[in-house]
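Student:
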Amino acid sequence: MSAYRFGAFTLDAAARELRKDGARVALPARAFSCLLMLVERRERAVDRDELIRALWRHGAATDVQLGQLVVQCRRALDDDGQTQWAIRTVAGFGYQWVAPTVVPDATPADAAPARMDDRAAAAPAESITAPRPRRRTSAVLACVVLLAVVATAITWAWSQRHAAPAVADASRARVVVLPLAAGDGDGRWLRLGGMDLVADRLRRSGLVVQPSEQTVGQLRALGEAGGDDTTAMRRAAPAATLVEGDVMQRDGRWFVHLRALRAGTAPPLAATGDDASPIAAVRGAADRLAAALGHVPAGTAEADPVSETVQRAQAALLANEPDTARTILLGDARLARDTPRLRLQLAEVDIRAGRLDEARRSLDGMLAAPATAGVFRAQVLAARGLIAVRSGEYAEAGRWFGDGIDALGDAAEPQLRGRLHNGRAVSRTSLEDYPAALRDYGIARDAFQRAGDEGGVARVDGNIGAMELLRAHPAQAEPYLVAAIARFEALGLVQERIGELQLLFEARRAQLDNARAWEAMDASWSQRARVPSRYSRLSMRLYRVEQLLQQGRHNEAGELLDDPANDGRPADVAENERIRLLRAELAWRRGDGEGALAELAGVPAGALASADSDIIRADVELLRARIERSLGRTRATAGAPEPPADAATNARTPLRRLAAANRAWAEHRDDDAARAFASAFALAQAQGVPLAIVRVAADYVGYLLARTRVAEAAAIASQVAVWADRDYDAALVQLALARAQGRHEAWQAAFDTARRLAGERAIPRVLGTPPG
18 MSAYRFGAFT LDAAARELRK DGARVALPAR AFSCLLMLVE RRERAVDRDE
68 LIRALWRHGA ATDVQLGQLV VQCRRALDDD GQTQWAIRTV AGFGYQWVAP
118 TVVPDATPAD AAPARMDDRA AAAPAESITA PRPRRRTSAV LACVVLLAVV
168 ATAITWAWSQ RHAAPAVADA SRARVVVLPL AAGDGDGRWL RLGGMDLVAD
218 RLRRSGLVVQ PSEQTVGQLR ALGEAGGDDT TAMRRAAPAA TLVEGDVMQR
268 DGRWFVHLRA LRAGTAPPLA ATGDDASPIA AVRGAADRLA AALGHVPAGT
318 AEADPVSETV QRAQAALLAN EPDTARTILL GDARLARDTP RLRLQLAEVD
368 IRAGRLDEAR RSLDGMLAAP ATAGVFRAQV LAARGLIAVR SGEYAEAGRW
418 FGDGIDALGD AAEPQLRGRL HNGRAVSRTS LEDYPAALRD YGIARDAFQR
468 AGDEGGVARV DGNIGAMELL RAHPAQAEPY LVAAIARFEA LGLVQERIGE
518 LQLLFEARRA QLDNARAWEA MDASWSQRAR VPSRYSRLSM RLYRVEQLLQ
568 QGRHNEAGEL LDDPANDGRP ADVAENERIR LLRAELAWRR GDGEGALAEL
618 AGVPAGALAS ADSDIIRADV ELLRARIERS LGRTRATAGA PEPPADAATN
668 ARTPLRRLAA ANRAWAEHRD DDAARAFASA FALAQAQGVP LAIVRVAADY
718 VGYLLARTRV AEAAAIASQV AVWADRDYDA ALVQLALARA QGRHEAWQAA
768 FDTARRLAGE RAIPRVLGTP PG
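So for the sequence shown, our numbering puts the first residue at 18; every next one is plus one.
#1: In terms of alpha-carbon separation, which member of T786, F698, L614 and V366 lies closest to L648?
#2: Check whether the segment 740-758 and the segment 766-773 are in contact - that is, three or more C-beta pairs closer than 8 angstroms.
#3: Return the first residue and the last residue of the beta strand (DSSP E) that W271 is part of.
#4: In whole angstroms, give me the CA-to-CA distance for A631 and R669.
#5: To the nearest whole angstrom, what separates the beta carbons of D629 and L487, a pair I think is in contact under 8 angstroms?
#6: On the criterion of 16 or more Cβ atoms from any shown chain inside 10 Å, does Y21 qualify as buried, or is it exposed?
#7: Identify the continuous alpha helix (DSSP H) that holds L28 and give its terminal residues.
#8: Locate the alpha helix (DSSP H) running through T258, then write down its first and last residues.
#9: Does V115 come out as helix, strand or coil in the three-state DSSP assignment?
#10: One question on the structure: do T258 and R276 come within less than 8 angstroms of each other, judged by their Cβ atoms?
#11: With 16 other CB atoms within 10 Å as the buried threshold, where does L347 fall?
#12: If distances are taken between C-alpha atoms only, which option among G472, D38 and P431 comes closest to T232?
#13: Restricting to Cα atoms, I'd like to know which of A676, D530 and R646 is closest to A46.
#14: With DSSP as the reference, please indicate the residues paired to T289 in a beta bridge.
#15: Let me check understanding here. Comparing Cα to Cα, which of H438, L625, L398 and G262 lies closest to G210?
#16: Mapping DSSP to helix, strand and coil, what is T786?
#17: Is the number of C-beta pairs between the segment 424-444 and the segment 455-463 that are closer than 8 angstroms three or more?
#18: Thinking C-alpha only, which one of R267, A298, P671 and A723 is nearest W682?
#19: L625 and E602 look like a contact to me (Cβ under 8 angstroms); what is the Cβ gap, rounded to whole Å?
#20: What are the start and end residues of each continuous beta strand (DSSP E) run of 3 or more residues lying completely inside the segment 184-254, in chain order?
#21: Mark R252 as exposed unless 16 or more other C-beta atoms lie within 10 angstroms of its C-beta, in which case mark it buried.
#22: Going by the beta-carbon positions, is the gap between S627 and G426 smaller than 8 angstroms?
#23: Bridge partners for I104 per DSSP, in chain order?
#24: Taking R401 as the reference, which of A364, R434, Q432 and A388 has the closest Cα?
#25: Tell me whether R643 is buried or exposed, calling it buried when 16 or more other Cβ atoms sit within 10 Å of its Cβ.
#26: Label P255 either buried or exposed according to how many other C-beta atoms from any shown protein chain fall within 10 Å of its C-beta, with 16 as the threshold for buried.
#27: So, do the segment 566-575 and the segment 544-558 have three or more beta carbon pairs nearer to each other than 8 angstroms?
#28: Jot down the residue ranges of each uninterrupted alpha helix (DSSP H) in the segment 373-399, minimum 4 residues, whole runs only, in chain order.
#29: Counting along the chain, where does the alpha helix (DSSP H) carrying R756 start and finish?
#30: Tell me the rounded alpha-carbon separation between R686 and R646.
#31: If you compare alpha carbons, which of T289, A309 and I422 is closest to R434?
#32: Helix, strand or coil, according to DSSP, for R724 in the structure here?
#33: Go through its chain and collect everything with a Cβ distance to A309's Cβ below 8 angstroms, but skip five positions before and after it.
#34: When you compare only the Cα positions, how much space is there between T106 and D66?
#35: A464 lies in the beta strand (DSSP E); which residues open and close that run?
#36: Between the C-alpha atoms of D420 and G479, what's the straight-line distance to the nearest angstrom?
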């Protein structure tokens, strides 16, 4: 949203202005950010720690400082601690925005995620037979699909042979199953493994049950504040039915006691189970509890030893111990006898650990077996599609996910259906089939809502944000990303939140909202120690390098790029090209053009089919053309073919036209250069992305000034002057123009601004000389 109205006030997020009856109200930057944060999250109270983490670097502030900031906000709104008409103090917790608020400029393009969902769900659901803006969406989209598919795939793998669950009514309050008290003996794995089994049985009776990995993540986050699981979860989910229980072994039998704690004054419900098998005991108690809650228990099934192995491994995964899960699976002799459930679970664990080739061979073998059919085949196909996403093979991924959707048919498996459609939507997003992607996102979001999977809903919102970034719509992307971040934070899903913060960094940077972009990246980077995946940690380092280069912090960027862990060769080829691009950019900024070209030599020329990978190629093409022009080279490499003037355009087209303009400039083809610069600038303006406009203008103004076409250069420079106080390249444009015009005072002001923004960047020597 770009504006919010309450009483006589308007809060303009895009202009970062608070106005009363049309007149601007002075408000410090941090106070404005605090006010905007409260308004954007007005559906809930915001705790003090959340505000401090968002508003102060590294969360270095006290409650007193936050209180003073809130006082500033209240004073600006003619509010105070007594009246609290706009900002209410939530005793012992934080603050909440309570003023009636309207959003007059909401449109279907930039409305809240629910509106996008309404549009998508209403669209035709037929599939077409057959994910980061600028450079990085693929890694984040791949990570989102990985976390969405792997997190509970094991449960689907073993439970698919049982009776399908009743379709749940999503309007009903959800059930949250808490870890079971299981002691420290042989049954300690039942703490999480039993919890997940209870959740599955209740879900299959038709109840809306929160996924286990979300519960574990939420409890991990809530546990930082202290208190027991039940009390902490009741505060976080006051309307939910909480299920707690305990497991004990005595005289060779297992005894399970479950209690359903309903909201309000409803008395608790209890159920028990006992058996020689822990799986049968847990299942019996869960089915009796489902009946007590008014639901028909799912069909019974034999508690075979394979089920116990599966649940033991699931418990290890929920505890974020994938190596332990792999050891458990490999230790079961039935794996060698080609037991499908164990093979699928091992493949899922291997995907999570980055062993893609091993997982691919196992899944392909399973798909070749005639017995692999129905829901189980759909699950295998979902895992196979995930491998294709992780490998950057988006067209293949779309086919795997589409086959999974066909195999699933009409089965009442909303969570699996959501994952398959979300995966295919990511594939279609990367291939720029945006209408079809939006239809899939709508189906996925609806399915996740019916399954009570708040994390799935958040993933869809985040992926729609990533799609808008790829479409060069960063302003439209931001509300989706902010919504996804808030959901992930509430659920305690750290890695997913980090991924969305990285995309939010891209969205704000594209709008040249640099201060808030740095805030998003700092918030992401501060959580790096909590990310176990090597693949995700590499992506985090590269995002951080991007930020450091944009801030002129070259030494820190160099240290991260020299990290030996970067040379582990990630599965995504585009990520390797991204490393080369960043190393080349740093070398060029340090004055080593030859070294930069050497880094880029390993990146092939030409466009790629997937949008998120192709943006890296477009950036490489532009950087190579700029360096060669600065070195006086005339197309030292074969390069990419010149884009036809009437070719179809996309978000990368302005960059490719700009690269062509630089090549023509270097080769003294003035007419071609002038046409290419004008075309690139017109396209950038049409797309309306400030960062792209500045990138084109910087070269275009340089070209015009080199030909003493000062008036034309001034016309271009005037269109980026609004960003000169916050962006280094835009400041250099104004500096170059003022020097060419001989305006000493304007040159001095521009020089001071550029120097303030430069960091470790050296202002070009010619621009550092005052005009004669």
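Cβ coordinates follow ideal geometry from the N, Cα and C atoms, glycine included. Bear in mind the structure is a predicted one, so any value in this text is a computation, not a measurement.
Tutor: The structure says:
#1: Here the closest residue by C-alpha is L614.
#2: Yes: at least three Cβ pairs fall under 8 angstroms.
#3: Residues R270 to L278.
#4: Sequence check: residue 631 is Asp here, not Ala. Straight-line Cα distance between these residues: approximately 8 angstroms.
#5: 6 angstroms
#6: buried
#7: Here L28 belongs to no alpha helix (DSSP H); instead the beta strand (DSSP E) covers F26 to D29.
#8: Here T258 belongs to no alpha helix (DSSP H); instead the beta strand (DSSP E) covers T258 to R267.
#9: coil
#10: Taking a C-beta distance under 8 angstroms as the contact criterion, T258 and R276 do not qualify as a contact pair.
#11: Result: exposed.
#12: G472
#13: D530
#14: H274
#15: G262
#16: coil
#17: yes
#18: A723
#19: Actually they are not in contact, since the Cβ atoms of L625 and E602 sit about 19 angstroms apart, beyond 8 angstroms.
#20: 192-194
#21: Per the 10 Å Cβ criterion, exposed.
#22: Cβ distance not < 8 angstroms, so S627 and G426 don't count as in contact.
#23: W114
#24: A364
#25: buried
#26: exposed
#27: No, the segment 566-575 does not touch the segment 544-558.
#28: 373-385
#29: Y745 to Q758
#30: 12 angstroms
#31: I422
#32: The answer is coil: DSSP assigns R724 none of H, G, I, E or B.
#33: A277, L286, A287 and A288
#34: If you draw a straight line from the Cα of T106 to the Cα of D66, it comes to about 14 angstroms.
#35: Looking at the DSSP string, A464 is not in any beta strand (DSSP E); the run it does join, the alpha helix (DSSP H), is Y451 to A468.
#36: 24 angstroms
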